[in-house]
Each structure stands twice: as C-alpha cells, then as structure tokens.
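The block underneath contains the structure these notes are about, expressed in structure tokens.
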Amino acid sequence: MKGAAQSLPQDALPDARLAPALDWFARHGWRPFDFQREAWLAYLDGQSGLIHAATGSGKTLAAWLGPLLEWRLNHAGPPGKLAPPLQVLWVTPMRALAADTLKSLEAAVAGLGVPWTAGIRTGDTTSGERARQKKRLPTALVTTPESLSLLLSHADAREQFAGLKAVIVDEWHELLSSKRGVQLELALAHVRGWGPDLRTWGVSATLANLPDALRTLLGTVNPHTGEIPQGTLIQGERDKTYEIRAIIPPQIERFPWAGHLGLRLLPEVVRVLESSQSALVFTNTRFQTETWFGALLDEKPEWAGEIALHHSALSKSTREFVENGLKEGTMRCVVCTSSLDLGVDFAPVDSVLQIGSPKGAARLLQRAGRSGHQPNAASLVTCVPTHALELIEVAAARDVIASGVLESRPGWRLPLDVLAQHLVTMALGGGFTGDAMRDEVRSTTAFRDLSDEAWTWVLDFVCSGGAALTAYPEYHRVERDEMGRFVVHNPHIARLHRMSVGTIVSDAMLKVKYLKGGDVGFADESFLSRLKPGDRFTLGGKVLEFVRIREMTAWVRRASSVRGVIPRWGGGNLPLSAEMTDAVRARLEQARSGMFEGDEMRAVRPIMDVQARWSRIPARDELLIERTHTREGFHTLVYPFAGRLVHEGLAALCAYRLSRVRPGTFSISVNDYGFELLSADEPPLDAVLGTLFSPENLLDDIIASLNASEMAKRQFREIARVAGLVVERFPGGQKSARQLQATTGLLYDVFEKYDPENLLLEQAKREVLERQLEITRLEDALRHINAGTLTVMFTARPTPFAFPLLVERMRATISSETVDERVRKMQLMLERAADDF
Amino acid sequence: MTSDGSLTITWHGEDFVLLRERAVYWPAQHLLIATDLHLGKDAAFRAHGLPLGADTTQSDLARLSVVIKRIRPDGVVMLGDVFHSHAGSDERTLSAWRSWRASHAQLALTIVLGNHDTAAGPDVLDALRTSRSDEVYKDETYIVKILFRHYPVLRPDTPQMAGHLHPAVVLKSAVDRLKLHAFIFGQPIAVLPAFGEFIDGGIMRLRPGDKVFGITPTQVIAL
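Protein chains in written order, with numbering that gives the first Met the number 0: chain A, 0 to 836; chain B, 0 to 222.
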C-alpha cells in the first residue's frame with residue numbers, strides 16, 4: 000500500500016465514519032494523508048471530484064475507500080448470501096493495469112471487511128468469465144473505456160447497472176485529451192441518466208487545466224436536476240522532490256549535431272546503470288528502444304537476463320514477465336517507451352533515464368515519478384541527449400518545472416466520428432429516443448456546443464447513411480422500431496459494430512509468431528511485407544528470420560546471433576510543448592548575449608558559437624531564415640521554434656505561398672525548432688518575403704495547402720474507422736472483412752467526389768487544424784513572427800541548427816504542379832522493390 | 000502525346016494501345032481488354048452497414064461505355080473479377096450489369112473468370128452469361144497466340160496477359176514521391192491495371208526486363 004507509510008500531523012478531529020479505514024491503516028502501522036481523508040469525507044457527503052497528485056502517492060486508496068466506507072455505514076448487519084450487485088466501476092486507460100489495480104482494490108475490500116466481489120472486464124477477459132459476468136457482474140468492476148461501451152451495447156445493461164453508486168476513472172489525464180476520453184464522457188452521460196445519485200471521481204496527475212479536467216469528467220449538466228455539477232478538486236501531497244540531471248558529453252565538439260540514437264553516450268549510461276539498483280530507460284520510439292537494448296547487451300553481455308525491453312508491440316506474456324521482474328526487483332534495467340509511463344509502482348526502481356528530448360515538462364515529471372518510491376527518496380531523472388541541441392531542452396525543462404506552469408491537456412470538441420459510433424452502441428443497448436439522446440449527448444463537455452444540424456446529420460448518418468445514400472433506400476444501420484426508438488435489427492451489423500468499438504486506431508499490424516509456436520509480438524504490415532524469406536530482423540531484442548506471411552501472421556524462426564534490421568513502427572512523433580519551446584527560446588536569448596547558465600548550457604556553448612559565427616542565434620522576437628545550396632538542391636531553413644506540428648503547418652503554408660508565385664515542388668522536413676523546404680529550383684523567396692507569414696487568408700491557404708499535402712486524408716483514416724466507414728483488418732478477424740478493404744486515401748477520394756457534404760470530411764480537416772497543426776499555436780507563432788523582425792542569412796554550409804533538419808528522414812511533399820509535370824521532373828527513379836506508400 | 004493520352008506499344012509482335020482509362024485496345028483483333036472491374040464493391044460496403052454513397056458500379060460501367068464509344072471495338076475481353084463479392088452482387092448491381100450488356104448487345108464479350116467472380120456465387124456466374132454468344136472461361140483462353148488469364152502463372156515462351164494484381168508503381172526523387180496505376184509488360188507476362196475506380200493499386204515487385212507504363216490523369220507514360 001504505497002504512499003500510506005508517511006504520517007503527517009492531523010489537525011482534523013477524527014470523523015467516526017472513517018473508523019473502518021483508520022482501523023485498517025492502524026493495523027498496518029500506517030496513517031492516512033490529509034488528502035485521503037478529505038477525499039473519503041467528500042465521497043461520503045455525496046460529492047464527485049478529481050484527485051490529483053504525483054504517481055505513487057496513495058491516490059488509489061483516496062478514491063477507493065469512500066465507496067467501501069459508505070457501504071459499511073449503510074450495512075451494519077451480517078452480509079447476505081450473495082455478494083452485492085455492481086456498485087462501483089473502476090475505469091483504467093490500460094488493460095495491462097487492470098490486474099494490479101484489482102489486487103489493490105481487493106486488499107482494501109478485505110481490510111475493511113466489506114463483503115464485495117471484484118472482477119475485471121477488458122479485451123483480455125476470457126469468454127467463460129464473460130458468461131459468468133453476463134449473469135451477474137461483480138460488486139466492483141475494473142474496466143476500460145472500450146469495454147464499458149461494449150457493456151452498454153447489451154440490452155440488459157441498465158438492469159446490470161441498477162445499483163451503481165460510483166464511477167472512478169483512473170489516470171484521467173491520459174484519457175482526457177484523447178477520443179477515448181470522449182467515448183468515456185458519452186458513456187458516463189448515459190450511465191448518469193440511470194441513477195440520480197451517481198458519483199464520478201477521477202484520479203489524475205497534475206495538469207495546468209485541472210478545473211477543465213474536472214468539468215469534462217463530471218459533464219455540463221445533471222440530467223435529473225438540471226443543475227451544473229460542482230465537483231471537488233483534491234490536491235495530493237506536494238512534498239515529493241524531483242531532480243533533473245543531464246549526461247554531459249565529454250567532448251561536445253565531437254558530439255553529433257543531429258541524430259536520434261544518442262549511442263555516443265552509451266558508456267556514461269552504463270555507468271549510471273551500474274550505480275543503480277533498478278532503472279527504467281525511457282525512449283521516445285520503439286525503434287530507439289530496440290536499438291538501445293541491443294547496444295546495452297553488446298556492451299555488457301553479462302547483463303543478459305537482468306535487462307529487458309518493454310514496448311507496446313511486444314506480446315502480452317513478454318510484457319508481463321518484464322513487469323513482474325520490475326516489481327520483484329530482479330531487473331537491473333528495462334528499456335521502454337511510454338508503455339511504462341503509467342501503471343503500478345515498481346518500488347525497487349531507483350533511477351530513471353530519458354533518452355532524447357523530454358518533449359514536455361509534465362511528461363518528464365511523470366517519468367521521473369516512476370522512481371523514488373522508497374520513503375523520503377527524491378525522484379531522479381537523468382536525461383541522455385541524442386544531439387547537442389537537446390542539452391538546451393534539458394535546461395528548458397528544468398526552467399518550466401521550476402516555474403510551476405506545466406502543460407495542459409485540452410479536451411476534444413465535437414468529434415462526430417465518436418458520436419456516430421456511440422449512437423450505434425446505444426441503439427444496440429436497448430435503443431434510444433432522439434430528443435432524450437440529444438440532450439444526453441449535449442451534457443458532455445465535448446458535445447455541449449453540438450448544433451441541431453450536426454445532431455440531425457449524425458443521426459441520419461447512422462440510420463440511412465445520410466444524403467449521399469438517398470439512392471439506396473434499402474440501406475440501414477440503425478432503424479426505428481414501432482415505438483419510434485432507434486435500434487439495430489440486423490445481427491450482422493451488431494456483430495461488426497461490437498468488433499470495432501473503440502477509438503484506438505493502430506497501423507495495420509501483423510502478429511509475429513514462431514513456426515514452432517509462441518508469440519513474439521507485432522510489427523507493421525508495411526515493414527513485414529517488404530521482407531523476403533530468409534531476411535533477418537529484430538523484435539523484442541530477439542533476432543528473427545522471416546519465413547512467410549500467412550493469415551495475418553508473420554511466421555518466423557529464431558536466427559543465429561547476427562543482428563537484424565529493426566522495424567520502424569509508425570506512430571505519432573510528439574511535438575515539443577509550447578511551454579518547452581518558450582523556455583528554449585529564453586535560453587537561446589541568453590546564449591545570444593553570452594549568458595550560459597548551468598552545466599548543459601555551458602556544455603553546448605561551443606556549438607552555439609559555431610551557429611553564431613556561421614549564421615546567428617536569433618533573438619526572442621527574431622525569425623531566422625537560412626538559405627544554402629547543396630548537391631540535393633536549394634534549402635530554405637526557417638526557425639520559428641514553435642514545435643514540430645506547428646512547423647508542419649507553417650512549412651505547408653510557405654510552400655503553398657511560394658508555389659503560387661512560381662509552380663514548384665517542395666520537399667519538407669520539420670523538427671521542433673524549425674522546418675526546411677528543399678526544391679530543385681531556387682525558390683522565389685524575395686518576391687514573397689513580406690507576405691510569406693501574413694495572417695491574411697491563413698485558414699484558406701492552410702486548407703488549400705493541406706489538400707495538396709493530403710494530411711486530411713491521413714486524418715480521415717482514424718475518423719473513417721471510428722465512425723464505422725471501414726472495417727479494421729485484424730488478426731483472427733472475420734473473413735468477410737477482407738471484402739471491405741480500401742485504403743482510406745481511396746475512400747477519401749470517393750467521398751470527396753460523391754459525398755462532399757459529409758461532415759466527417761469537415762471533421763478530418765478540422766482535426767488536422769486543431770490537433771495535427773495546433774492551429775492556435777500556429778496563429779500565436781505567426782503573431783510572434785509578424786510582431787518581430789526577420790533575418791535572412793546565406794550560409795556556405797548547413798549550420799548546427801540546419802543539420803538536424805537535413806538528416807530528418809520523414810519527408811512530406813507539397814506540390815502545385817500537375818502530376819504530369821511532376822513525373823517529367825522526377826528523375827524517373829522507379830522503385831524496383833516493393834514499398835509501402 | 001496522342002489526343003486521348005493513349006500510348007501504342009509493340010509486344011510479341013503485336014501492337015497494343017494502352018488507354019489512360021486503364022484498359023488496352025488490340026487493333027489487329029478489334030478487341031478492348033479490361034480487367035478487375037470489381038462491380039458491386041460499393042454495394043458490398045453498404046451490405047455490411049458501411050455508409051458509402053458512391054455508385055462506383057454505375058460509374059465504372061459508364062466509363063467503360065465511353066471508351067467503347069470512342070474506340071468502337073468489335074468485342075470486349077474481361078480478365079476476371081468483373082464482380083467483387085457475393086454481398087455486393089445485389090439486384091441493383093446485377094441489373095446495372097445486365098442493362099450495360101443490353102446497351103452493347105452487338106459487342107462480343109469474352110470473360111475469363113477471376114477468383115472474386117467464382118466466390119461471388121451462382122447468381123453472378125449466371126449474370127456473366129447473359130447473352131448466348133458470350134464466351135466465359137474458367138481459367139484461361141487463347142486469342143491468336145496470346146494466353147488470357149485472370150492471375151498470371153509462369154509458363155515460359157507463352158505470351159500471357161493477366162489482371163488480378165492491380166499493379167501500381169512508385170516514382171521517387173529527392174523531392175517528390177508519386178504512386179501511379181500502371182501497365183506492366185514483361186516477357187512473357189503482361190499485367191493490366193484494375194479498371195475499377197474503387198480499387199487500390201498494389202505496388203508490384205518488378206522483374207528484370209519489365210516495361211512499365213504509368214497512368215496519370217491525362218495520359219499513359221513509359222517509365
């Protein structure tokens with residue numbers, strides 16, 4: 000029972016209602032924290048709320064004991080024969096956490112002497128267990144947003160949930176700014192309609208926008224009283240201390256200017272690992288994880304068995320093995336991705352390393368918090384830069400944390416794809432009437448501004464497919480029964496829908512299995528399909544020989560110890576947060592005036608001197624543009640320091656505005672500091688410099704440039720999947736799903752041509768603006784640029800700022816030329832091998 | 000560039016006109032050759048509850064009619080996968096096909112069945128034999144010396160034209176990348192692009208000696 004070990008002076012008079020909890024604590028020699036008492040009392044008073052605190056500080060018990068204490072208060076007599084029906088839903092974002100959560104919940108149930116049962120319902124739950132739960136749910140159920148929606152898709156859900164007193168959402172900050180959070184908001188709104196006294200509690204890490212997080216959790220209106228719900232914010236312990244260090248490269252002159260591996264610092268990392276009991280090494284990509292794991296084993300072969308790796312593409316059994324090793328303290332070191340950001344505390348872990356950019360201060364704190372669970376231990380994180388400029392980010396992260404203004408997580412607004420899916424789920428789960436459902440949906444924060452038009456459109460869309468399907472009167476997904484309720488009649492549609500409930504859209508992944516049996520994990524279909532039999536690749540630290548692909552599975556056998564190619568998994572590349580980019584700019588401003596404070600800044604000074612000599616270090620209100628010419632073509636490098644997503648948008652905008660003056664094709668590369676436009680011809684930069692960053696026609700120009708860059712198409716993939724326009728292909732899926740394959744690019748084209756009014760196309764464009772391009776941040780960046788000065792430098796060679804952009808592999812293309820022109824211009828380099836597109 | 004964007008090539012001593020509509024005309028035999036229409040793929044989506052408003056079945060048949068009007072062939076050869084699936088072959092799809100056939104009654108129709116046609120069931124197979132003069136072959140047929148099949152098989156020295164693979168190619172330079180549907184003319188196998196609009200191109204592994212012709216919105220280009 001973590002976090003309960005420390006005691007604090009208690010001014011409050013003991014409340015008799017808390018006695019069972021205090022007794023249990025006393026039996027173990029613990030004393031509750033103030034915030035835990037506060038949470039229990041608030042619950043007993045009938046309130047809802049949000050508990051926020053650092054990881055491993057006793058949040059779970061703070062949220063969980065309220066319902067148990069209430070039961071004790073209301074049930075004095077001996078327990079009945081049967082355990083009580085469902086009382087509490089515990090929603091967790093990760094099904095891997097469910098088992099450990101269940102254990103802590105059960106310990107408290109036993110400790111407080113409450114006759115409750117507890118169980119799990121996730122995608123991993125066996126069919127036998129499901130059947131038992133179908134008869135009767137346990138008193139407390141640990142589940143995920145997806146499984147909750149699935150439970151609600153059954154007609155007897157209301158009956159099963161009749162005794163529900165509380166929903167507790169764990170790690171709410173993780174769900175908050177995702178579509179999964181919206182899915183949960185909608186489910187909560189529905190469940191709230193069934194019980195006037197239902198309480199909602201959230202457990203969250205510290206965020207900048209906690210009041211928003213609370214409002215989103217509670218909904219905008221109580222469906223029974225019409226009142227605006229007032230929740231309680233409960234602040235956990237503050238006194239945890241954090242220390243952020245960086246490994247300073249011994250010779251900065253020889254440290255790379257670009258790169259993403261950071262293996263140069265391997266000896267220093269090994270030294271840190273040698274001096275710690277148990278360490279987590281966080282990386283930003285699965286590719287990095289595999290690389291670092293291999294490198295550590297090469298360096299320290301005697302560590303075999305004591306070090307492991309963990310990422311979401313590994314098989315469940317492998318991940319569980321590693322997690323257990325961490326809990327028991329048998330692992331010296333685990334190299335991992337965000338797959339271990341969350342979850343149960345690994346008490347033995349005393350050291351955390353971060354390879355590469357921390358990206359955000361809150362994220363770095365979260366990772367740091369995975370260490371130092373021993374009483375009075377500080378949480379320590381050691382940052383390992385992968386290139387010189389990342390040293391500045393470490394200094395910046397420390398500045399942000401010191402300022403106390405961490406990143407916020409914005410919720411979603413009007414994701415119609417999630418609503419469309421939810422409405423089909425609701426039609427399955429006993430049906431609904433239009434007006435009541437509209438009001439219920441509007442009681443969520445995500446849809447409080449849902450217009451009547453949009454509501455009618457979505458309802459029409461899930462029923463008859465919308466205006467574009469008027470020619471197909473036989474088409475129905477959701478139908479109206481004789482009572483006028485919206486229901487699903489077709490069992491085939493019901494099955495297909497239940498199979499695809501959820502908002503997590505992964506790249507097409509194939510299972511990787513040994514010929515002799517046994518799962519290895521998953522890898523991208525596009526990577527696997529490029530392999531020839533006999534090719535070797537690395538997954539989960541094992542070198543495998545590819546044999547064949549059959550039935551959505553890649554069959555492999557163990558290869559001898561030769562190293563294999565490491566697959567690159569697709570997936571988001573987080574931008575440096577706005578708080579971080581501001582802090583980086585502040586540090587650069589200092590460097591410009593010769594101020595280099597702290598080890599990291601002093602270390603990076605020689606590189607900054609080169610930048611100043613070859614070009615310049617921009618002032619805070621100055622936009623630097625560098626131009627240079629290499630064998631590849633003409634490079635235009637722009638450094639707004641606004642994060643990679645904003646740069647993607649700005650780059651598209653600039654390419655578009657340049658190509659309007661003279662048609663051309665630009666290859667774009669971006670990072671968190673700036674972007675590069677590469678073109679075969681010299682771009683007409685001087686002609687447009689005055690208007691290149693003008694806010695005039697911003698939206699139109701961005702949307703026009705987006706159409707060209709096909710970002711909306713990419714975003715449409717997720718929307719189409721969530722809204723039920725396509726069927727995800729997955730291992731073991733129905734054969735019939737194979738007849739329904741179309742890449743979303745093709746689907747987007749077909750919709751643009753035949754159904755241009757479809758609101759989901761609008762949504763794709765809006766999501767690209769809001770989420771992918773962070774339009775608000777982009778507008779801020781443009782304001783900043785326009786208020787400041789602009790300097791163009793011609794450089795003889797790529798500068799330290801330019802270098803990382805030149806080697807960035809991910810490139811997008813923007814073109815205003817016709818396909819024919821592009822074909823002619825291209826060197827007609829035909830790819831002779833199969834390739835993904 | 001020809002006015003209609005087509006490109007004439009010689010393969011095994013015969014001239015073939017590659018059309019940007021993703022079909023081939025064989026002037027010596029007055030035959031139009033198309034493959035992989037996948038009629039009813041749109042309907043298959045709808046039958047599974049996926050709200051797709053596009054009538055690609057109708058528009059693909061209309062595109063085919065436009066080509067026929069321009070080229071005026073004596074006959075059409077279809078290399079299989081005329082229909083997409085059982086679920087998509089509803090009455091609307093089948094009657095679209097029948098009325099298309101009726102509006103070109105004078106055309107000789109030769110069909111080699113594809114795996115999708117066979118799997119689509121007896122209704123589809125019946126529909127494919129609407130006219131008594133139609134020739135429907137299960138696996139393959141020869142016209143003059145050329146073997147026509149749905150999916151290609153390696154048979155040395157037999158010039159062979161097939162579909163099934165929906166070939167596409169990727170063009171790439173330092174600054175650009177582009178995917179095009181394509182005709183692949185190798186020795187001895189030629190693979191035609193899918194005629195259906197709602198069909199993705201698959202990137203093919205090319206073999207030495209393969210000649211590749213990419214299709215842009217306006218023309219066919221030798222690559």
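Glycine included, every Cβ here is placed at the ideal spot set by N, Cα and C.
Asked                                                                                                                    : Found
Residue-level contact to chain A via CB, Leu49/B, 7 Å cutoff                                                             : yes
CB contact check: Gly39/B to chain A, cutoff 7 Å                                                                         : no
Inter-residue Cα distance where the pair is Gly410/A and Gly218/A                                                        : 12 Å
Inter-residue CB distance, Ala307/A and Met330/A (contact presumed, cutoff 8 Å)                                          : 6 Å
C-beta atoms of Trp256/A and Pro755/A nearer than 7 Å                                                                    : no
Gln218/B, enclosing alpha helix (DSSP H) - first and last residue                                                        : Where Gln218/B is concerned, there is no enclosing alpha helix (DSSP H), given that its DSSP letter is neither H nor E.
The stretch 385–392 of chain A in contact with the stretch 270–280 of chain A per 3-pair CB rule at 8 Å                  : no
C-alpha gap between His309/A and Thr288/A, whole angstroms                                                               : 8 Å
Option nearest Trp200/A by Cα separation, candidates Asn757/A, Met579/A, Ala38/A and Asp416/A                            : Ala38/A
Beta-carbon gap between Lys178/A and Thr627/A smaller than 7 Å                                                           : no
Residues near Ser6/A by beta carbon distance below 7 Å, same chain, minus five either side                               : Low confidence applies to Ser6/A: its pLDDT is 44, below 50, so where it sits in the model is not reliable, and the reading given next is rough at best. Arg30, listed in sequence order.
Own chain residues within Cβ distance below 6 Å of Arg838/A, not counting five before or after                           : Residue 838/A is absent from the structure shown; chain A starts at 0 and stops at 836.
Coarse secondary structure for Tyr655/A, derived from DSSP in three states                                               : helix
The stretch 63–76 of chain B / the stretch 773–786 of chain A touching (three or more Cβ pairs under 8 Å)                : no
Exposure label - Lys734/A; buried when at least 16 CB within 10 Å                                                        : Because Lys734/A sits at a pLDDT of 47, beneath the cut-off of 50, its placement in the model cannot be relied upon, and the point is left open.
Pick from Glu625/A, Val609/A, Asn696/A and Gly433/A that is closest to Leu804/A, judged by C-alpha positions             : Glu625/A
Any C-beta of chain A under 7 Å from that of Gly52/B                                                                     : yes
Segment contact flag, the stretch 413–429 of chain A with the stretch 145–156 of chain A, C-beta cutoff 8 Å, min 3 pairs : yes
Residues of the stretch 55–67 of chain B whose Cβ lies closer than 8 Å to any Cβ of chain D, in chain order              : The structure shown has no chain D; the protein chains it does contain are A and B.
Element boundaries [alpha helix (DSSP H), containing His85/B]                                                            : Unbroken run through His85/B: none, as it is neither H nor E.
Selection from Met498/A, His496/A and Gly539/A that minimises the alpha carbon distance to Lys510/A                      : Gly539/A
Arg584/A at chain B interface by Cβ criterion, 7 Å                                                                       : no
The stretch 62–70 of chain B contacting the stretch 24–37 of chain B, beta-carbon criterion three pairs below 8 Å        : yes
Cutoff 7 Å: Val500/A Cβ touching any chain B Cβ                                                                          : no
Range covered by the beta strand (DSSP E) that runs through His921/A                                                     : Here chain A covers residues 0 to 836 and nothing more, so residue 921/A does not appear.
Own chain residues within Cβ distance below 6 Å of Arg397/A, not counting five before or after                           : Ile243
Chain B within 7 Å of Val660/A, Cβ atoms only                                                                            : no
Counterpart residues of Pro166/B in DSSP-defined beta bridges                                                            : Gly201/B
Residue from Ser666/A, Gln46/A, Cys332/A and Thr121/A whose Cα sits closest to the Cα of Glu301/A                        : Cys332/A
Under 7 Å between C-beta atoms of Ile202/B and Val152/B                                                                  : no
Within chain B, partners of Leu724/A - CB distance below 9 Å                                                             : Phe44, Leu49, Pro50 and Leu51
Coarse secondary structure for Gln589/A, derived from DSSP in three states                                               : helix
Contacts that Tyr471/A makes with chain B (C-beta to C-beta distance below 7 Å)                                          : Arg45
Cβ neighbour criterion (16 or more within 10 Å) applied to Glu631/A                                                      : exposed
Three-state secondary structure (DSSP) of Ile70/B                                                                        : helix
Of the listed residues Gly185/B, Ser130/B, Ile198/B and His163/B, nearest to Leu179/B (C-alpha basis)                    : Ile198/B
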